[in-house]
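**Q** Have a look at this one.
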Amino acid sequence: MSREMGVGIVGYGKVATGAHRNWINNREDTRLAAVCDMTEVRRQAATKDNPEAAVYENFGDLLSDDGVQLVVVTTPPNTHCELAVQAAEAGKHVFVDKPFAMTRAEAEKMIGAAEQASVVIHCHQSRRYDGEYRAIVKCVESGRIGEVQHVRRVWSQYGEGWTKWGIEGFNPTWRIQRDYGGGMVYDYAPHCGDQVLRLVDRPLTAVSADARGIVFSDEVDDHFSCLMRFEGGATAYLEASNMTILPAPHWYVVGTKGCITAQGVNSQITVQTEDMDAAETMEAIHERDQLYENLIAACRGEAKPNVTPDQLRASMGLIDAIFESAKTGQQVAI
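If you count the sequence shown from 1, you need to add 10 to reach the numbering used here.
Shown next, in the form of structure tokens:
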């Protein structure tokens, strides 16, 4: 019996072509069986790129395809909940791009549908596998810097290209439209917030946040920052911006015995501890394939998803709190 898993993609945009299509085609145990997109120009592109895959306009037709066991949802965030629930109810495993949902309430509905159908629901938390982050995690887990007390996580970028990142033929500017799930909070809090929650590994208790459209959008935030408070007193500062011409260091981790810094994605990290005469560097650790290894193993019943339902609830709870605090100007208890 073949162990090759048929994968269907719904939403054939830049994330589908730039990330998901690649890992599916690069693995020996997966094949791209089907693509679904509502726009004709993207269906034409899917047919050209993937001549052996079925191409559908209607999502129900993809769900009826017996050659599809796993559905990858890469549409705008406002559609994730509906599509994921439909896929689960059709008996398909589900891999949702970030943000997992628009709210924690939506996340609960998606998780519940998957549990009811006894299928796997997973999220594309790809930045858990950034090289510098894996090195930071390894250093923290070794105990070298002691217990983590504060994390500063910053994502810096600049330019209006982000505002036009959507695909031609659908809606090129959806990332600066609130109804679609646009803005930097939905774009980077799922990544950076998830990293911080995993690194501190204690219950989040409160959030104070600011999120505003300053330069590139009046409708959605192009810059946000938040202070996260954890049980036991640890804190974290989280910031993501599309208006930082001079990028800040991406990481600063403070422990009871030392510190870690990193300048950017997949960079070396620098470690200084109380018993060292000078700081030392550690190379980035490249393990991104582990995300997809775990996904496929989980779908086969050979492993538990390493992005768990409780982690997804926590991540979406953080996003809810960021928006609430930014709106009210008050600290939000978790």
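Yeah, the Cβ is synthetic: ideal placement off N, Cα and C, and Gly gets one too. Since the structure is predicted, the reported quantities are computational estimates derived from the model, not experimental observations.
Let me know if proline 86 comes out buried or exposed under the rule of 16 or more other beta-carbons within 10 Å of its beta-carbon.
**A** Locating residue 86 in the sequence shown gives position 76, counting from the first residue. The residue is buried, with at least 16 neighbouring Cβ atoms inside 10 Å.
**Q** Taking glycine 327 as part of the alpha helix (DSSP H), name the residues at either end of that continuous run.
**A** Here residue 327 refers to the residue found at position 317 of the sequence shown. Start and end: 319 to 338.
**Q** Can you tell me whether valine 51 is buried or exposed, with buried defined as 16 or more other CB within 10 angstroms of its CB?
**A** On the sequence shown, position 41 is the one that residue 51 refers to. When all chains shown are included, valine 51 counts as exposed.
**Q** Ignoring anything shorter than 4 residues or poking outside the stretch 136 to 215, list the alpha helix (DSSP H) runs there in chain order.
**A** The stretch 136 to 215 contains these whole alpha helix (DSSP H) runs: 141 to 152, 194 to 198, 204 to 210.
**Q** I need the straight-line Cα distance from glutamine 300 to proline 182, nearest angstrom please.
**A** Locating residue 300 in the sequence shown gives position 290, where the first residue counts as 1. Locating residue 182 in the sequence shown gives position 172, where the first residue counts as 1. Cα to Cα, glutamine 300 sits roughly 32 Å from proline 182.
**Q** Which runs of the beta strand (DSSP E) fall wholly inside the stretch 46 to 133 and span at least 3 residues, in chain order?
**A** Entirely contained in the stretch 46 to 133, the beta strand (DSSP E) runs reaching 3 residues are, in chain order, 64 to 66, 80 to 83, 103 to 106, 131 to 133.
**Q** Tell me whether the stretch 181 to 199 and the stretch 128 to 135 touch, counting them as touching only if at least three CB pairs, one residue from each stretch, are closer than 8 Å.
**A** As far as the Cβ criterion goes, the stretch 181 to 199 does not touch the stretch 128 to 135, which means the pair count is below three.
**Q** State the Cα-Cα distance for the pair asparagine 32 and leucine 42, rounded to the nearest angstrom.
**A** Taking the first residue of the sequence shown as 1, we reach residue 32 at position 22. Taking the first residue of the sequence shown as 1, we reach residue 42 at position 32. Cα to Cα, asparagine 32 sits roughly 10 Å from leucine 42.
**Q** Below 8 Å on the Cβ atoms is my guess for alanine 221 versus phenylalanine 234; work out the distance and round it to an integer in Å.
**A** Taking the sequence shown and counting its residues from 1, the one referred to as residue 221 is at position 211. Taking the sequence shown and counting its residues from 1, the one referred to as residue 234 is at position 224. Rounded, the Cβ-Cβ distance is 4 Å, consistent with contact.
**Q** Thinking just about the alpha-carbon of each residue, which of Val210, Asp232, Met238, Thr113 is nearest to the one in glutamine 10?
**A** Given a span of 11 to 344 for the chain in the structure shown, any question on residue 10 remains unanswerable.
**Q** Taking the alpha carbon of valine 317 as the reference point, which residue from Asn252, Glu293, Lys108 has its own alpha carbon closest?
**A** If you number the sequence shown from 1, residue 317 lands on position 307. For valine 317, the nearest C-alpha among the options comes from Lys108.
**Q** I'd like to know whether the C-beta atoms of arginine 114 and arginine 323 end up nearer to each other than 9 Å.
**A** Here residue 114 refers to the residue found at position 104 of the sequence shown. Here residue 323 refers to the residue found at position 313 of the sequence shown. Yes, these two residues count as a Cβ contact at 9 Å.
**Q** Expressed to the nearest angstrom, what Euclidean distance is found between the alpha-carbon atoms of aspartate 231 and aspartate 330?
**A** Taking the sequence shown and counting its residues from 1, the one referred to as residue 231 is at position 221. Taking the sequence shown and counting its residues from 1, the one referred to as residue 330 is at position 320. The straight-line gap from Cα to Cα measures roughly 14 Å.
**Q** Have a look at Ala272, Val20, Asn304 and flag the residue whose alpha-carbon is nearest the alpha-carbon of alanine 289.
**A** Locating residue 289 in the sequence shown gives position 279, where the first residue counts as 1. Here the closest residue by C-alpha is Ala272.
**Q** Thinking alanine 219 and serine 335 are a contact (beta carbons under 8 Å), I'd like their distance in whole angstroms, please.
**A** The count along the sequence shown starts at 1 and reaches residue 219 at position 209. The count along the sequence shown starts at 1 and reaches residue 335 at position 325. Indeed they touch by this definition, with Cβ atoms about 4 Å apart.
**Q** Comparing C-alpha positions only, which one of Leu72, Gly176, Val150 sits nearest to aspartate 211?
**A** The sequence position of residue 211 within the sequence shown is 201, counting from 1. Taking only the C-alpha atoms, the option nearest aspartate 211 is Val150.
**Q** Starting from tyrosine 302 and walking both ways along the alpha helix (DSSP H), at which residues does that stretch end?
**A** Locating residue 302 in the sequence shown gives position 292, where the first residue counts as 1. 299 to 309 is the extent of the alpha helix (DSSP H) around tyrosine 302.
**Q** Out of Val206, Thr89, Ala55, which has the shortest C-alpha to C-alpha gap to tryptophan 184?
**A** Sequence index remark: in the sequence shown, residue 184 carries index 174 (1-based). Closest option to tryptophan 184, Cα to Cα, is Thr89.
**Q** Between which two residues does the alpha helix (DSSP H) containing arginine 31 stretch?
**A** Residue mapping note: residue 31 aligns to position 21 of the sequence shown, counting from 1. Segment 31 to 36, the alpha helix (DSSP H) holding arginine 31.
**Q** Please report the Cβ distance between isoleucine 394 and threonine 283, rounded to the nearest whole angstrom; I am assuming they are in contact, meaning their Cβ atoms lie under 8 Å.
**A** Outside the displayed span of the chain (11 to 344) sits residue 394, for which this structure offers no information.
**Q** Please list, in chain order, all residues of the same chain as serine 277 whose beta carbon is under 6 Å from its beta carbon, the five residues on each side excluded.
**A** Walking along the sequence shown from the start, residue 277 turns up at place 267. The answer, listed in chain order, is Glu142.
**Q** Around the Cβ of serine 227, are there at least 16 other Cβ atoms within 10 angstroms (buried) or fewer (exposed)?
**A** Taking the sequence shown and counting its residues from 1, the one referred to as residue 227 is at position 217. The residue in question, serine 227, is buried, as its Cβ has 16 or more Cβ neighbours within 10 Å.
**Q** Which whole runs of the beta strand (DSSP E) in the stretch 234 to 314 are 3 residues long or more, in chain order?
**A** Fully enclosed beta strand (DSSP E) runs of 3 or longer: 245 to 251, 261 to 265, 268 to 272, 279 to 283, 290 to 292.
**Q** Using three-state DSSP, classify valine 225 as helix, strand or coil.
**A** Translated into the one-based positions of the sequence shown, residue 225 becomes position 215. In this structure, valine 225 counts as coil in the three-state DSSP scheme.
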